[in-house]
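In the numbering used here, each residue's number is its place in the sequence shown (first place is 1) plus 1.
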Amino acid sequence: MTKHRTAALAITLALSTLGLSCASDDAGTTDAASGTSSETTAAPVATDAPAIDLPDVVVTYSVLGAFVEQLVRGAADVVTIIPDGQDPHDFEPSPRDIELINNATVVVANGLNLEEGLDDALATAAANGTTVFYIADHVTVLDIVDVNDHSAHGHSHPGAQSDHSHDDHEHSDDPHVWLSPATMLEAVPALTTVISAALTVDLTAASEAFASELAAVDVELGALFDELSDCQLVTGHNELGYFAERYDCTVIAAILSSPSTTAEESASNVEFVIDVIKTHNARAVFTSLGTSPAVARQVADEVGVPLVEISTHYLGTTASYIEFIRQLGTTIAANLR
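Have a look at this one:
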């Protein structure tokens, strides 16, 4: 399986773009009247000492928060709205959460209606002048494929706007962009530029280091999945599209065929999933936040395959985005051998 290697050029271009963007920011600006120069401040080296009076970068959910933390590396306080372990699909903000968004220097969100309960607050903050950065506006977005309808086919389109209407389109966008490090790497140059400008800091070294780490873990996972003779995935809900696309896997069925965990399991769909597992000799059922544990257990027990809990929407025991995506990949691969 070598399809993930075809995107190596895209990663190289992203790293090159990042270097050029950051290099152009290094020169600072010059005041024409005084002849004095104004340069951005280098991002501070992270230490064990508590941060004092740092600007706030507010992030919607925990995995994205870990991603931003690895980018800014101590240049800001990263505050996450949705608690780790809580489903971003159905989260409703408190007045305190809305206040945090309104007072932020920068807000980073996923977009594509993942954080549907925060959409109004984010739109209001943006209208009032807060910088709101949507990751999905800066990556190649995949269409949702109804994995329980074999006649459906998906395609991708770059730079999807997170708030556009789909009334006149036949496709619908998959919001789970963070489940591919290569996809997330696409957003690093633009995110670096926005945060650097808002915080008046130089994130050149930090962003280049993070981009290299993303590329490295992508190669690591690609090699891991190249070793598999087959990668067929049965999931709790339809969430692994980006991961499957990147590492030559196929999602053959999902207990919840919807990309949102707010959908409900149907008896007919459960029976369909059981039949697919038997037909394809799938090796495991991968379940996660938002899928009924009882229903997932029923499916796994019916066909006699392991039920594997994976962390897709929250960090769990991991402390960084790199650790998160590595653990996800190694867990899936280990249960497909």
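By construction, the Cβ of each residue, glycine as well, lies at the ideal position given by its N, Cα and C atoms.
According to DSSP, residues forming a beta bridge with residue i
i: residue 135; result: 110
i: residue 238; result: 257
i: residue 68; result: DSSP lists no partner for residue 68.
i: residue 310; result: 288
i: residue 233; result: 251
Three-state secondary structure assigned by DSSP to residue i
i: residue 79; result: strand
i: residue 125; result: helix
i: residue 73; result: helix
i: residue 304; result: helix
i: residue 85; result: coil
i: residue 58; result: strand
i: residue 174; result: strand
i: residue 330; result: helix
i: residue 226; result: helix
Own chain residues within Cβ distance below 8 Å of residue i, not counting five before or after
i: residue 176; result: 111, 112, 113, 114, 115, 137, 260
Residue i burial status per 10 Å Cβ neighbour count (16 or more: buried)
i: residue 38; result: For residue 38, the predicted model reports a pLDDT of 41, less than 50, meaning its position is unreliable and no value from the coordinates is stated.
i: residue 187; result: buried
i: residue 150; result: exposed
i: residue 325; result: buried
i: residue 25; result: For residue 25, the pLDDT reaches just 45, beneath the cut-off of 50, and the residue's location in the model is therefore unreliable, leaving the point undetermined.
i: residue 247; result: buried
i: residue 251; result: exposed
Residue nearest to residue i in terms of C-alpha spacing, selected from the options
i: residue 71; options: 214, 195, 103, 190; result: 214
i: residue 295; options: 281, 282, 268, 330; result: 268
i: residue 97; options: 59, 90, 124, 76; result: 59
i: residue 332; options: 311, 321, 86, 64; result: 311
i: residue 107; options: 301, 198, 306; result: 198
i: residue 225; options: 240, 237, 238, 249; result: 249
i: residue 61; options: 79, 83, 230; result: 83
i: residue 338; options: 233, 142, 218; result: 233
Same chain, Cβ closer than 7 Å to residue i, neighbours up to 5 away in sequence not counted
i: residue 298; result: 308
i: residue 126; result: 102, 103, 108, 133
i: residue 200; result: 56, 76, 77, 106
Sequence-distant residues of the same chain with beta carbon closer than 6 Å to residue i, five excluded per side
i: residue 85; result: 63, 315, 316
i: residue 93; result: 118
i: residue 195; result: 134
Residue i CB to nearest heavy atom of the ligand HEM below 6 Å
i: residue 200; result: The ligand HEM is absent from the structure shown, which contains no ligands of any kind.
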